[in-house]
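Heads up, the thing below is written out as structure tokens.
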Ligand SMILES: NC(=O)c1ccc[n+]([C@@H]2O[C@H](COP(=O)([O-])OP(=O)(O)OC[C@H]3O[C@@H](n4cnc5c(N)ncnc54)[C@H](O)[C@@H]3O)[C@@H](O)[C@H]2O)c1
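Numbering (the working numbering), first residue to last: 3 to 444.
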């Protein structure tokens, strides 16, 4: 492994730019402000609450991650957003209905100060939305417009650095096409308004061109195309994605590695959800759902490795349904029926009924990604940040690699990357205390 990199200090303000000022974005911003005002705790955030074991276990060195790695502090964060719906952060949070009136009273003034910039948006890519707060022009002009927004935001808010995290709606399913192959083809496509270039790609392009790290919280292709991966390398910008790992998929990547570790077979996994927020409405469109479905289905295949274990996982039937059901709002309910089998093939069943809150699970991911992407950039890391796969349903990887989905391997990789960044020895669990070490201290 190469030497510890030099890491620039996190001086000054870090601007967090969010395409999409909906449920996830407003819950994230409100939460950070609640923590800053001392009226909330950042539960679910590894950067704020997690510790990291250093050296030998006998050394008892277990600092908080935020005290170990030079991350930006919450007080240094400022927020900006784009949205085709002109509502400010407070009105949007009220519409989304995630946070209680009591919480909104505590931080509403702050949320109300966040006015979305005109978005790069087209209902060709998100069928169920109409917006009035929208930029006009060719795709090239739209990209220029976003780049101007980024520069203006940075200047007006006196930011030292920026990161961008896509928190906007899921776009229609798209396959990689010729226009995505190289930077030159992509830039020509911007000039000719190629339909293969979705709005999210224009944000990612503008972000990378401005030297701003970019992560994609939705399953859209976005930056996961050769042209933008290459651009990120060329401009030395860290990127990551796709699709925040929350709810049912989070449960899957916790449980499936356990079944596999114990060599228990799986015959079927049926997952269904009801949710009633705007995300649910957008996903009610078959083309947006297809994007999400692909992202949710890949997980088990990679964790279980059916080619290596055909007897255990070769015949697995995996089905995922998402049902838009307005009365439920953001409080999604996800059911899983898992058909497993054990010794001599005897069948067993597990039922899960997860009454979760989507945006409450996603908000800390946005925070951690913002802080870790900024750290990565200050450490000179660029391109796909695989060590942040922990946060994604469909982690981006180099084309020749397969993604790692097992949450616990992902966590080990994340923490070992932090150890390496800070010049500490990575923990490989190769001692005689392998098991105890692995499960207690990763
Ligand atoms: N909440 C979760 O647990 C979770 C998990 C994984 C992924 N996601 C994804 O995160 C995204 C946000 O989720 P949400 O619940 O906040 O959805 P939401 O519908 O509440 O908010 C999305 C916002 O994006 C805006 N938008 C749409 N297209 C845009 C564009 N081109 N530019 C700027 N803004 C645009 C919409 O107007 C809306 O305000 C969705 O794509 C969702 O699939 C959410």
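Built from N, CA and C at the ideal position, the CB exists for glycine as well.
Sequence-distant residues of its chain with Cβ nearer than 6 Å to residue i (five each side left out)
i           : result
residue 7   : 381, 382
residue 56  : 63, 426
residue 328 : 278
residue 246 : 219, 364, 367
residue 323 : 274
residue 319 : 270
residue 137 : 120, 122, 144, 147
residue 86  : 121, 123, 133, 135, 136
residue 240 : 215, 375, 378, 379, 383, 384, 387
residue 349 : 343
residue 25  : 98, 100, 279, 332, 361
Euclidean distance between Cα positions of residue i and residue j
i           : j           : result
residue 299 : residue 342 : 18 Å
residue 213 : residue 182 : 20 Å
residue 180 : residue 232 : 15 Å
residue 224 : residue 11  : 30 Å
residue 237 : residue 209 : 11 Å
residue 361 : residue 169 : 11 Å
residue 196 : residue 142 : 10 Å
residue 376 : residue 5   : 20 Å
residue 388 : residue 216 : 13 Å
residue 276 : residue 337 : 9 Å
residue 23  : residue 83  : 6 Å
residue 423 : residue 372 : 17 Å
residue 283 : residue 345 : 43 Å
residue 311 : residue 428 : 30 Å
residue 400 : residue 184 : 15 Å
Of the listed residues the options, nearest to residue i (C-alpha basis)
i           : options            : result
residue 445 : 61, 242, 163       : This structure gives no information on residue 445, because the portion of the chain shown stretches from 3 to 444.
residue 257 : 407, 237, 185      : 407
residue 81  : 297, 294, 28, 366  : 28
residue 91  : 210, 320, 111      : 111
residue 356 : 235, 335, 345      : 335
residue 113 : 169, 420, 150, 95  : 95
residue 421 : 378, 171, 126      : 378
residue 207 : 221, 169, 147      : 147
residue 302 : 178, 292, 267, 150 : 267
residue 51  : 134, 59, 36, 68    : 68
residue 402 : 429, 228, 430      : 228
residue 76  : 419, 370, 400      : 370
residue 415 : 359, 54, 240       : 54
residue 104 : 423, 32, 65        : 32
residue 287 : 175, 373, 372      : 175
residue 65  : 74, 48, 79, 78     : 48
Neighbourhood of residue i by C-beta, 7 Å cutoff - its chain only, sequence neighbours within 5 removed
i           : result
residue 265 : 314
residue 316 : 308
residue 305 : 255, 258, 259, 262, 407, 408
residue 412 : 391, 392, 406
residue 88  : 118, 134, 135
residue 436 : Confidence in residue 436 is poor, its pLDDT being 44 and thus under 50, which makes the residue's placement too unreliable to answer from.
residue 13  : 162
residue 192 : 141, 142, 145, 199
residue 438 : Reliability fails at residue 438, whose pLDDT of 42 lies under 50, so the model's placement of it is uncertain and no value is given.
Residues that residue i bridges to, as DSSP identifies them
i           : result
residue 2   : Residue 2 lies beyond the stretch modelled for the chain, which goes from 3 to 444, so this question has no answer here.
residue 335 : 276, 357
residue 217 : 167, 242
residue 271 : 320, 340
residue 385 : 240
residue 136 : 121
Spatial neighbours of residue i in its chain, beta-carbon cut-off 8 Å, leaving aside the 5 residues before and after
i           : result
residue 249 : 275, 334, 336, 356, 358, 360, 363
residue 102 : none
residue 351 : 339, 340, 341, 342
residue 35  : 109, 112, 113
Ligand 2 heavy atom lying under 7 Å from the CB of residue i
i          : result
residue 27 : The model on display carries ligand 1 but not ligand 2.
At least 3 beta-carbon pairs within less than 8 Å: the region 245-253 vs the region 191-205: no
Counting beta carbon pairs with one atom in the region 185-196 and one in the region 35-49, are three or more of them shorter than 8 Å? no
Is it the case that the region 286-302 contacts the region 388-396, given that we only count it when at least three CB pairs across the two stretches are under 8 Å? yes
Spell out a yes or no on whether the region 149-168 and the region 124-131 are touching, meaning 3 or more CB-CB pairs, one atom from each, closer than 8 Å. no
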